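**Q**
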Amino acid sequence: MYKKVGVIGDKDSVLAFKALGIDVFPVTEKEESRKTVDRLAMSDYAIIFITEQIAKDIQETIERYNKMTIPSIILIPSNQGTLNIGLQRISDNVEKAVGVNIL
0 MYKKVGVIGD
10 KDSVLAFKAL
20 GIDVFPVTEK
30 EESRKTVDRL
40 AMSDYAIIFI
50 TEQIAKDIQE
60 TIERYNKMTI
70 PSIILIPSNQ
80 GTLNIGLQRI
90 SDNVEKAVGV
100 NIL
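Throughout the sequence shown, residue numbering follows numbering that gives the first Met the number 0, covering 0 to 102 in sequence.
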């Protein structure tokens, strides 16, 4: 079965992903972001990239999908820089898996 990859964020940050063949979903508001994540999760999207600036406003929605295998939600920095939320999530997951933070 073929699964899709999508990216959610502000227009300037996500537009470049279109050149890679990834479906882009520019959003500006919190509720629009939440609805877009829910819609993609219920569709054939296996990986959803979300900019950290958008993700910080919809943490409860992202946490709901973190308990599932698919979709995998990955936080990425926007064109404005990083908030280190994505790196912190990776570090927390490594510590949970290994028992100590090796990063």
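Ideal placement from N, C-alpha and C gives every residue a C-beta, glycine not left out.
Fair warning: this is a prediction, and the values are worked out from it, not measured in the lab.
#1: Given that a residue counts as buried once 16 or more other Cβ atoms are within 10 Å of its Cβ, and exposed if not, what is A18?
#2: Who pairs with Y44 in a beta bridge, going by DSSP?
#3: Looking only at its own chain, which residues have a Cβ that is under 7 Å from the Cβ of Q79, when we skip the five neighbours before and after it?
#4: Which one of K10, Q58, E59 has the shortest CA to CA distance from T27?
#5: Starting from D11, trace the alpha helix (DSSP H) in both directions and tell me its first and last residue.
#6: Measure the Cβ-Cβ separation of I72 and T35 and say whether it is below 8 Å.
#7: For Y1, count the other beta carbons within 10 Å of its own beta carbon; 16 or more makes it buried, fewer makes it exposed. Which is it?
#8: For A15, is the classification buried or exposed, using 16 other Cβ atoms within 10 angstroms of its Cβ as the cut-off for buried?
**A** With the structure as the only source:
#1: Position 19 of the sequence shown, counted from the start, is the residue given in the question as residue 18. Burial call: exposed.
#2: Looking up residue 44 in the sequence shown gives position 45. In DSSP, Y44 forms a bridge with K3.
#3: Your numbering for residue 79 matches position 80 in the sequence shown. For Q79, where only same-chain residues beyond five positions count, the Cβ hits under 7 Å are Q52.
#4: Locating residue 27 in the sequence shown gives position 28, counting from the first residue. Comparing Cα-Cα distances from T27 to each of K10, Q58, E59, the minimum goes to K10.
#5: For the purposes of this step, residue 11 is identified with residue 12 of the sequence shown, where counting begins at 1. Run containing D11: 10-13, per the alpha helix (DSSP H) assignment.
#6: To locate residue 72, count along the sequence shown from 1; it is residue 73. To locate residue 35, count along the sequence shown from 1; it is residue 36. No, they are not a contact pair.
#7: Looking up residue 1 in the sequence shown gives position 2. Residue burial annotation: Y1 is exposed, with fewer than 16 other C-beta atoms found within 10 angstroms of its C-beta.
#8: Residue mapping note: residue 15 aligns to position 16 of the sequence shown, counting from 1. That one is exposed.
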